[in-house]
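Remember, our numbering sits 1 above the position in the sequence shown when you count from 1. All remarks here apply to the structure that follows.
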Amino acid sequence: MNFSSKLSLSLLASVAISFSGSASYAQTQLPGEGRTVRISQPTGEDTGWILSNIYAQLLEELGYTPLDTLTIDLPVAYAAMATGDVDIYPYGWFPLHNTYLESSYGDAQIVGHVVEQGALQGYLVDRASAEKFGITSLEDFKRDEVKQAFDRDGDGKADLVACPAGWGCELTITYQLDAFDLRDHVNEIRAGYSASMADAIAAYQSGEPIFFYTWTPNWTVNELVPGEDVVWIETPSIELPAEQQELADSAIVSGVEGCVSNPCQLGWPVNDISVVASRAFLEENPAARTLLELAFVDINFIYAQNAAMRAGENSQEDLRRQAAEYIEANREAVDSWIEQAIASAQ
């Protein structure tokens with residue numbers, strides 16, 4: 002589903018549960034009073050920053066004092082949960098981040114779903130080029146005429162907007178390019194993703210072919226609508242890193258809007274977006290654990306918020322306001338989460 006950046010965030014925030022007025026869980030002593038919490042968010046990719054703001058405000062309602070959010074590289078975020086420098090990372094992608102979770106030796110733990118089974122990933126090309134060259138699969142990028150059409154830097158390879166080094170998706174893209182023998186045919190662009198995609202969008206608007214990786218929820222599918230502007234293409238087969246191979250069945254998905262085939266062999270497992278937290282923090286804060294287990298964010302709101310950020314509502318003040326709007330529009334659910342969290346600490 003795609004949402005215009007002109008749609009009201011406050012309206013879309015209310016899609017899950019209606020507003021019910023002020024909180025009903027006033028306490029003389031909230032379980033988080035006198036305690037701080039440190040949340041982290043990913044460097045270079047702001048599509049998940051709204052989650053940091055929402056979870057910070059939810060924890061404030063339990064009495065916690067959020068410290069300044071740390072914007073750090075993905076591997077560092079998981080390592081920092083082991084050292085105690087970070088308590089919560091609300092933008093974990095699983096199974097994509099399994100390797101980071103395993104490298105934390107159990108100090109980073111999945112504790113709740115933000116969006117369950119809501120995250121698609123894969124490769125897309127502009128629809129006009131797909132139709133002109135008959136592109137349906139990564140395998141087509143071995144053809145000379147396709148490589149030439151998508152070669153923007155003159156190195157003889159098709160240019161793919163990929164992921165910066167260190168991102169979970171970068172590891173999988175690198176693995177797949179090797180597995181499909183595409184190294185001599187495809188050039189990975191590993192610069193900052195948002196800047197690279199902005200350049201690709203400008204190229205598309207000028208009538209040039211574009212080839213890129215993306216995921217949902219993400220502002221890119223608001224700017225380049227699958228089925229209208231671009232199409233999802235398939236992988237020749239399912240080739241995944243060892244830690245993801247047991248999830249190969251979920252890499253073929255039915256009903257993907259804008260895919261060249263149905264079911265669509267995206268080649269990437271459907272992911273859950275989950276909260277990851279420090280084991281020590283969870284053990285010491287049972288109320289926070291309960292809240293994190295219960296809370297979720299409607300994916301439609303994330304689509305709309307990401308589009309609003311792209312349209313200019315991207316300051317820290319904007320994000321705090323958007324998060325507050327979502328919480329208030331879903332006050333009935335939030336009150337229930339907070340009440341259950343308080344009860345779990347008694």
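C-beta atoms are modelled at their ideal positions from N, C-alpha and C, and glycine is treated no differently.
### Message
Please report the distance separating the alpha-carbon of phenylalanine 142 from that of glutamate 284.
### Response
50 Å
### Query
Looking only at DSSP bridge pairs, what is leucine 248 linked to?
For leucine 248, which the question treats as bridged, DSSP gives no partner whatsoever.
### Message
Within a Cβ cutoff of 7 Å, which residues of the same chain sit near serine 251, ignoring the five residues on either side of it in sequence?
### Response
Pro270, Val271
### Task
Put proline 242 into one of helix, strand or coil per three-state DSSP.
coil
### Per-residue DSSP class, three states only, for aspartate 145
helix
### Message
Check for me: the beta strand (DSSP E) holding alanine 348 runs from which residue to which?
### Response
Because residue 348 is not part of the residues shown, which for the chain are 2 to 347, the question remains open.
### Status (buried if at least 16 other CB within 10 Å, exposed otherwise) for lysine 158
buried
### Query
Which word fits threonine 66, buried or exposed, when buried means at least 16 other C-beta atoms lie within 10 angstroms of its C-beta?
exposed
### Message
For serine 23, which residues in the same chain have their Cβ closer than 6 Å to its Cβ, ignoring the five residues on either side in sequence?
### Response
Its pLDDT being 42, under 50, serine 23 is placed unreliably in this model, and the value from its coordinates should be taken loosely. If we look at serine 23 and ignore the five residues flanking it on each side, it has no Cβ neighbours.
### Distance, tryptophan 216 Cα to alanine 309 Cα
17 Å
### Message
I'd like to check one pair, threonine 236 with serine 138: are the Cβ atoms closer than 8 Å?
### Response
yes
### Task
Go to isoleucine 300, then tell me how far its alpha helix (DSSP H) extends in each direction, as first and last residue.
300–311
### Message
Just to check my reading of the structure: leucine 97 and leucine 267 have Cβ atoms closer than 8 Å, yes? What is that Cβ distance to the nearest angstrom?
### Response
Not quite, the Cβ-Cβ distance comes to about 13 Å (not below 8 Å), so this is no contact.
### Task
Could you tell me which residues DSSP pairs with aspartate 189 in its beta bridges?
It is glutamate, not aspartate, that sits at residue 189 in the sequence shown. Glutamate 189 pairs with Leu161.
### Task
Would you mind reading off the limits of the beta strand (DSSP E) that contains proline 43?
41–43
### Message
Once the 5 residues before and after aspartate 127 are set aside, which same chain residues still bring their CB inside 7 Å of it?
### Response
Tyr205, Pro210, Ile211, Asp230, Val231
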